[in-house]
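Quick note: the sequence shown uses the numbering used here, first residue 4, plus one each step.
Using N, Cα and C, we set each Cβ at its ideal position, and we do this for glycine too.
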Amino acid sequence: FELAGQLGMAPWQIDKARRQLQSWTPRGIATAVEAIAKADADVKGASSDPIFALEKALQTIAAARAQR
4 FELAGQLGMA PWQIDKARRQ LQSWTPRGIA TAVEAIAKAD ADVKGASSDP IFALEKALQT
64 IAAARAQR
């Protein structure tokens with residue numbers, strides 16, 4: 004309950020997030036966050052092809068989840 008209060012979330016939301024994160028490694032999460040940040044920049048103008056940027060981000064995130 005303490006963590007939920009600190010984050011402004013309901014306890015069930017914390018439990019759900021913990022269950023969802025069990026299949027991720029710390030490195031996989033870092034890779035996914037980096038891919039999201041890059042896609043965000045690319046979609047906002049850093050790339051000439053924002054659709055490709057999103058496709059690449061999705062591929063990177065899917066591969067990051069599979070990392071063990």
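Option nearest residue i by Cα separation, candidates the options
i: L61; options: A40, G48, K47 and A49; result: A40
Residue j beta carbon less than 8 Å from that of residue i
i: V46; j: A56; result: yes
i: G31; j: A67; result: yes
Own chain, CB closer than 8 Å to residue i, minus 5 neighbours either side, in chain order
i: A7; result: A13, P14, Q16 and I17
Residues near residue i in its chain [Cβ-Cβ closer than 7 Å; skip 5 each side]
i: T2; result: As shown, the chain starts at 4 and ends at 71. That puts residue 2 outside it, with no answer to give.
Every unbroken alpha helix (DSSP H) within the region 26 to 65, with a cutoff of 4 residues, ordered by chain: Fully enclosed alpha helix (DSSP H) runs of 4 or longer: 29 to 44.
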